[in-house]
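Chemist:
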Amino acid sequence: MLLYRSAAWFAKGLREYTKSGYESASKDFVPDDLEVQVPGRAFMVTGGNSGIGKATAMEIAKRGGTVHLVCRDHSRAEGAKAEIIRESGNQNIFLHIVDLSLPKSVWKFVENFKQEHTLNVLINNAGCMVNKRELTEDGLEKNFATNTLGVYVLTTALIPVLEKEHDPRVITVSSGGMLVQKLNTDDPQSERTAFDGTMVYAQNKRQQVVLTERWARAHPAIHFSCMHPGWVDTPGHHPDGPHINLCAGRVCAPRCAAVDAGLPRQAGGQAALRGPGRGHGAVAGPCPRCHRPAQRLLLPRPETGAHTLASCEDIVLTGRRGETH
Numbered sequence: 016m017l018l019y020r021s022a023a024w025f026a027k028g029l030r031e032y033t034k035s036g037y038e039s040a041s042k043d044f045v046p047d048d049l050e051v052q053v054p055g056r057a058f059m060v061t062g063g064n065s066g067i068g069k070a071t072a073m074e075i076a077k078r079g080g081t082v083h084l085v086c087r088d089h090s091r092a093e094g095a096k097a098e099i100i101r102e103s104g105n106q107n108i109f110l111h112i113v114d115l116s117l118p119k120s121v122w123k124f125v126e127n128f129k130q131e132h133t134l135n136v137l138i139n140n141a142g143c144m145v146n147k148r149e150l151t152e153d154g155l156e157k158n159f160a161t162n163t164l165g166v167y168v169l170t171t172a173l174i175p176v177l178e179k180e181h182d183p184r185v186i187t188v189s190s191g192g193m194l195v196q197k198l199n200t201d202d203p204q205s206e207r208t209a210f211d212g213t214m215v216y217a218q219n220k221r222q223q224v225v226l227t228e229r230w231a232r233a234h235p236a237i238h239f240s241c242m243h244p245g246w247v248d249t250p251g252h253h254p255d256g257p258h259i260n261l262c263a264g265r266v267c268a269p270r271c272a273a274v275d276a277g278l279p280r281q282a283g284g285q286a287a288l289r290g291p292g293r294g295h296g297a298v299a300g301p302c303p304r305c306h307r308p309a310q311r312l313l314l315p316r317p318e319t320g321a322h323t324l325a326s327c328e329d330i331v332l333t334g335r336r337g338e339t340h
């Protein structure tokens with residue numbers, strides 16, 4: 016089954032998550048759908064201090080929305096907040112320091128938040144991939160605690176807040192990597208098998224999609240969506256993150272050489288929104304794990320990433336319904 020799933024993921028990834036996938040999907044884009052402003056609507060973006068989260072927060076701020084950044088690192092978050100305010104001219108940017116791997120902290124945060132703020136859209140963007148088994152102070156496996164339980168607690172606690180507002184939405188940034196895993200309800204914290212951070216991450220992303228489907232059925236007044244951002248070189252993917260090398264016949268991760276997507280390393284998703292860059296790249300050298308020659312792969316250009324993010328904005332900003340997958 017794992018071999019079948021890996022093959023399916025590889026085929027889908029080549030078809031949908033690369034440059035050719037973008038070019039195919041872009042035929043259905045309606046540019047005018049994104050030409051909207053969102054003053055008076057409040058958005059919460061977890062992991063909003065870098066990468067995709069920061070790019071999303073910046074775009075929302077430029078369109079007049081109120082943005083609540085939920086971040087773990089205070090100093091980095093303050094810098095991101097200042098940059099968003101400076102570049103957007105929007106002063107309605109709020110910062111909340113929360114560790115999503117700590118359920119009690121998340122519940123406490125929401126209890127305080129709902130006393131002072133309203134919310135129209137929750138964007139579950141924050142996540143992690145810890146490649147060695149680590150436990151939180153509550154004894155929870157770190158990836159599960161952050162990617163699954165943290166998302167569950169935050170979303171569940173905010174549902175009553177969202178249901179009070181017009182056109183409420185929850186968008187979860189999942190991953191096509193979930194295709195290599197079927198839902199395992201017997202071992203949610205990966206205690207019974209050899210620990211593989213990449214597969215644990217994929218299982219977490221599968222869990223997010225299943226949770227989203229359940230929430231959508233239970234709370235029809237809220238629009239729930241999952242999305243895959245495509246190949247985006249974000250800070251969370253290095254120096255010790257899931258670098259992916261597409262080898263002849265299989266994908267080896269995370270111990271393989273990084274793919275150079277032609278984006279500035281520190282910029283990640285927000286660089287993709289800034290327009291043309293250095294072009295696209297290919298895997299360099301053989302895979303250091305399996306020693307097979309690398310398979311050349313055309314990756315999205317920065318402008319491709321911009322449209323990839325726009326597909327998320329299409330759901331967040333315009334009301335077009337996406338699909339869980």
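Just remember that the numbering used here sits 15 ahead of the position in the sequence shown, which is counted from 1. For every residue, glycine included, the Cβ atom is placed at its ideal position computed from N, Cα and C.
How is H111 classed by DSSP in three states: helix, strand or coil?
Modeler: strand
Chemist: Please classify G283: is it buried, with 16 or more other beta-carbons within 10 angstroms of its beta-carbon, or exposed?
Modeler: Only weak support is given to the placement of G283: the predicted model assigns it a pLDDT of 29, under 50, and the value that follows is read from those uncertain coordinates. Buried is the call here.
Chemist: Out of V188, S189 and I174, which one is the CA nearest neighbour of D373?
Modeler: With the chain represented from 16 up to 340, any question about residue 373 goes unanswered, as that position is not in the structure.
Chemist: S21 to C241, Cα distance in whole Å?
Modeler: 21 Å
Chemist: So what's T208 in DSSP terms, helix, strand or just coil?
Modeler: DSSP places T208 in coil when its eight states are reduced to three.
Chemist: For P244, is the classification buried or exposed, using 16 other Cβ atoms within 10 angstroms of its Cβ as the cut-off for buried?
Modeler: buried
Chemist: Round the Cβ separation of L134 and L177 to the nearest angstrom and send it over; I've been treating them as touching at under 8 Å.
Modeler: 6 Å
Chemist: Do you know offhand how far D211's Cα is from G28's?
Modeler: 21 Å
Chemist: Rounded to whole angstroms, what is the Cα-Cα separation between R229 and H238?
Modeler: Going by C-alpha positions, R229 is about 12 Å away from H238.
Chemist: Is the distance from the Cβ of C86 to the Cβ of N64 below 9 Å?
Modeler: It is a contact, given that the beta carbons lie within the stated cut-off.
Chemist: Report buried or exposed for Q52, applying the criterion of at least 16 other Cβ atoms within 10 angstroms of its Cβ.
Modeler: exposed
Chemist: Please name the residue in G68, K96 and V224 whose C-alpha comes closest to that of G192.
Modeler: V224
Chemist: Distance check for F44 and S35, CA to CA, integer angstroms please.
Modeler: 15 Å
Chemist: Should F159 and Q204 be called a contact, given that it needs their Cβ atoms to be closer than 9 Å?
Modeler: yes
Chemist: Around the Cβ of E74, are there at least 16 other Cβ atoms within 10 angstroms (buried) or fewer (exposed)?
Modeler: buried
Chemist: Whole angstroms is fine: what's the gap from N199's alpha carbon to L169's?
Modeler: 22 Å
Chemist: Given F58, which residues of its chain have a CB within under 6 Å of its CB, disregarding the five upstream and five downstream residues?
Modeler: I75, G80, V82 and V136
Chemist: Indicate the three-state DSSP secondary structure (helix, strand or coil) for A141 in the structure shown.
Modeler: If DSSP states are grouped into helix, strand and coil, A141 belongs with coil.
Chemist: Between L155 and E50, what straight-line distance do the alpha-carbon atoms span, to the nearest angstrom?
Modeler: 43 Å
Chemist: Which same chain residues end up closer than 7 Å to A23 when comparing Cβ atoms and leaving out the 5 residues on each side of it in sequence?
Modeler: Hits under 7 Å: L194.
Chemist: Return the first residue and the last residue of the beta strand (DSSP E) that Q155 is part of.
Modeler: It should be noted that the sequence gives Leu, not Gln, for residue 155. Element bounds for L155: n/a, residue is neither H nor E.
Chemist: By DSSP, does I186 sit in helix, in strand, or in coil?
Modeler: DSSP places I186 within a strand segment (E or B) once states are collapsed to three.
Chemist: Using only the alpha-carbon positions, how far apart do S120 and L18 sit?
Modeler: So the two alpha carbons sit approximately 39 Å from each other.
Chemist: Tell me which same chain residues have a C-beta within less than 7 Å of the C-beta of R30, skipping the five on either side of it?
Modeler: G36
Chemist: Would you say S116 and K157 are within 9 Å of each other, going by their C-beta atoms?
Modeler: yes
Chemist: Which same chain residues end up closer than 7 Å to N219 when comparing Cβ atoms and leaving out the 5 residues on each side of it in sequence?
Modeler: Result list for N219: N158, F159, N162 and T163, in chain order.
Chemist: Let me see if you follow: with CB-CB separation under 9 Å, is V145 close to chain E or not?
Modeler: Any reference to chain E falls outside this structure, which holds one protein chain only.
Chemist: In terms of residue numbering, what span does the alpha helix (DSSP H) encompassing T171 cover?
Modeler: V166 to L177
Chemist: Along the chain, where does the alpha helix (DSSP H) that runs through H89 open and close?
Modeler: H89 to S103
Chemist: What separation, rounded to the nearest whole angstrom, lies between the Cα atoms of V113 and K96?
Modeler: 15 Å
Chemist: With distances taken between CB atoms, is the gap from N139 to V166 smaller than 9 Å?
Modeler: yes
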